[in-house]
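Student:
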Amino acid sequence: DQTSDDDDEPHRELAIEPSAVDTSYEHDETKAVVRAAIQKLPEHYRLILTLFYLEELRYEEICEMTKLPMGTVKTQLYRARVMLQKILSRQLSREEVTL
1 DQTSDDDDEP
11 HRELAIEPSA
21 VDTSYEHDET
31 KAVVRAAIQK
41 LPEHYRLILT
51 LFYLEELRYE
61 EICEMTKLPM
71 GTVKTQLYRA
81 RVMLQKILSR
91 QLSREEVTL
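95 is the number that our numbering gives to position 95 of the sequence shown; each next residue is one higher, with no gaps.
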């Protein structure tokens, strides 16, 4: 019966590092918080933000879809980002208080 250290090797490969699970959980939690914050935006800002970041459309494509001028699309995207940042900052402040 020949047993070597190599027999244990496959088991080591299957081991999941706790930090990997923590990172995955934190990533999922962050995505959920951002999605919830996006839902709090007024619809016209939410639409532009979603088309640009999630659908990865170019400004020109968003203009065609929404029938809005380029300047309006850029302004609404900027305002949506500012509003989203404020929502997320408030959310983070509340979480720090409860921790």
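Positions of the beta carbon are idealized from the N, C-alpha and C atoms, including for glycine. All of these numbers come straight from a predicted model, not from anything done at the bench.
Throw me the rounded Cβ distance for the R90 and Y45 pair, which I believe falls under 8 angstroms.
Tutor: About 16 angstroms; that fails the 8 angstroms criterion.
Student: Considering only their Cβ atoms, is the gap separating Q85 from I48 smaller than 7 angstroms?
Tutor: Cβ atoms of I48 and Q85: not closer than 7 angstroms.
Student: What's the C-alpha gap between E60 and M83?
Tutor: Taking the straight line from one Cα to the other gives about 23 angstroms.
Student: Under DSSP, the alpha helix (DSSP H) around L57 begins and ends at which residues?
Tutor: Note, L57: premise wrong, no alpha helix (DSSP H); not H, not E.
Student: Comparing alpha-carbon positions, which option in D28, S24, H27 and K40 lies nearest L88?
Tutor: For the residues D28, S24, H27 and K40, the minimum Cα distance to L88 belongs to K40.
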